[in-house]
Structures are given as C-alpha cells and as structure tokens.
Amino acid sequence: MRMLRKSGVILLIVISISLLLSGCGSTSSGIEDGKLVVATDAAYAPMEYLDDEGNIVGLDIDIVKAIAEAVDIEVEFKNYGWEPLFSAVENEEVDFAVSSITITDERKESFDFSEPYFVANQLILVPADSQIETFEDLKGKKVAVQINTTGHEVVKGLLGKTSSDIVAPESMPLAITEMLNGNADAAVGDNTVVLEYVKNNPNVEVKTIEDDSFEKENYGLMVKKGNEEVVELLNEGIQEIKDSGKLQEIIDSYLK
Ligand code: ARG
C-alpha cells in the first residue's frame, strides 16, 4: 500500500515536470503534437485567398496540405496578412508561413526557408490604353506594389529606394486598386496573381507586360531562423510530393 502511494507520487512529479518542460519555449503547437500552425496572407488569389465561406484556400494551401499529408502531420492556417506574418514566425506564434514568399538573400538573414516549391516572376499590369511597353518605361511614372514584396524591391531598383512615385499599400488587391483609380500608372506583382486578376475581371480594361529583366523567383516555406526540425520535416514532404508528381498535379489544377 505504502509502495503504491509512493510510486503514485513519483509518477505525478514526473508528469508535472514533463508538462512544464514541454511548455517551455515552444508554441501552442509543434511537431510533438503532430500539428503545425501556419501563417498566411489570404489576399493573394489563386495562391492563398478566402473562399465564399471564409475558408483559407488556394494553390499554396493545397501544396502545404499535401506536404503535411506526406509527412503525417496536421496543419492549421491563420490569416495574418502580409507584414504581420513575418513577426508571427519570428515570435513563434506560428510554426511557419506560406504566402508565395520568395526566397531572397535579405530574408535569409532573418529567417530560414524550405527547398523551393514554385517558380515565379514579376509582371506589370497597366490600363489597356497605356503607352507603357517595358519595365524601363516605368521611369518617371507612379507604380503600385504590395509593400515589402520582391515587386517593391524591383521597383525601388528602378525608381529609387525612397521615391515618392512608389505607392505601396499593404495588400496586392489594394495595389491593383491604386492603379485602377489612377493613383498609379502601373502595378507590379507576382505573375500568377496578376494573371488571376485579369482572368477574374474580364470587364476591367487592363493588359499585362512581361520584361526580360525580371529574374526568376523561388517560393519557399518560411520558418524561424534555426528551426531545423520544422525545415527538415517540410523538405521531406516537399521531396515526396515532387517525386510522386503530386506537386505538379496541384500546380496544373490551378494554372492551365
Ligand atoms: N513573392 C513576393 C515576395 O515574396 C510576394 C508575395 C506576397 N504574398 C502574399 N500572399 N501577399 O515578396
């Protein structure tokens, strides 16, 4: 009887210590419970957006779901918006972010990335009757971009870092609206998203312009710097869905 009681007490102590330890320095979720929380900016159709019922859906979302299935974990998406998602990863409010995030040297100083899973490039959107034909033609013009995106960087490169000709709202739909309202002569953003806008708005008179000076950009999943455990798991899943053909299948189902 006394022995039983003693082992009961020891068991309780062991349980409380492990509970304490698992609560230390980790997010509300994690690999241990088989569930990862994912931040996104769901205003970026067809990559990540809200459907009519308010669910977070899209190409990126399907890719992450397929990766999660491949490595047998659950994922929960949270719509943070573009700029807040970087601090959400940094502060460990989430385990990683998916948001058509281009892997850049600058971002690699503060974050770690998975292997690339998608290739994109910038595209220019202008009113149908615009005289603009190349990226160079944007010199001296007003240009709308989503703030702190690679599109923003590219346009800063042309117009100057602090140029007042750059209009940079917090979302891509707002950047396109600035152009439609005449507050900007052009909008610059990721090709898939600009093309989706054109496709979904056949009555809006716009045209797109490609330019050879735009470099290929690789999208990656973004984790807190040093979080090797999550990067390795995501890479394992990415490799699996590349090998199985699932990744290409998802991409083709959105972009035909
Ligand atoms: N690929 C660009 C970048 O990394 C734009 C991504 C914006 N994504 C979004 N969901 N708003 O800067």
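Numbering that gives the first Met the number 0 numbers the first residue of the sequence shown as 0 and each following residue consecutively. Cβ atoms here follow ideal geometry from the backbone N, Cα and C, with glycine treated the same way. What you are looking at is a predicted structure, and each value in this text was computed from that prediction instead of being measured.
Which of the three DSSP states, helix, strand or coil, is assigned to residue i?
i           : result
residue 22  : Interpretation of residue 22 is limited by its pLDDT of 44, a score under 50 that renders its predicted location unreliable; no figure is taken from the coordinates.
residue 216 : strand
residue 254 : coil
residue 224 : coil
Tell me which same chain residues have a C-beta within less than 7 Å of the C-beta of residue i, skipping the five on either side of it?
i           : result
residue 64  : 74
residue 197 : 205, 207
residue 249 : 58, 61, 62, 65
residue 42  : 48, 170, 171, 172
residue 76  : 37, 39, 55, 60
residue 241 : none
residue 193 : 122, 124, 207
In its own chain, which residues sit with a C-beta less than 6 Å from the C-beta of residue i, not counting the 5 before and 5 after it?
i           : result
residue 239 : 69
residue 110 : 221, 224
residue 195 : 44, 45
residue 232 : 70
residue 150 : 121, 144, 187, 188
residue 148 : none
Going by the beta-carbon positions, is the gap between residue i and residue j smaller than 8 Å?
i           : j           : result
residue 140 : residue 131 : yes
residue 116 : residue 72  : no
residue 178 : residue 127 : no
residue 122 : residue 182 : no
residue 112 : residue 212 : no
residue 30  : residue 209 : no
residue 234 : residue 118 : no
residue 138 : residue 157 : yes
residue 67  : residue 236 : yes
Sorted by chain position, which residues of the same chain lie with C-beta nearer than 8 Å to residue i's C-beta, five sequence neighbours on each side aside?
i           : result
residue 129 : 184, 185, 206
residue 50  : 56
residue 155 : 162, 165
residue 33  : 71, 72, 73
What I want to know is whether the C-beta of residue i ends up closer than 7 Å to one or more non-hydrogen atoms of ligand 2.
i           : result
residue 189 : This structure simply doesn't include ligand 2; it includes ligand 1 instead.
Review point. Which ranges would you report for the alpha helix (DSSP H) in the segment 29-111 if only whole runs of at least 4 residues count?
Key: 58-69, 81-89, 104-107
Point to revise | Runs of beta strand (DSSP E) wholly within the segment 125-211 (minimum 3 residues, chain order) | key: 185-189, 205-208
Review point. Is the segment 101-109 in contact with the segment 214-231, if contact means three or more CB pairs nearer than 8 Å?
Key: yes
Check your understanding: Looking at C-beta atoms only, is the number of pairs between the segment 78-91 and the segment 38-49 that lie closer than 8 Å three or more?
Key -> yes
Point to revise | contact_flag[the segment 169-178, the segment 89-96] where n(CB pairs < 8 Å) is 3 or more | key: no
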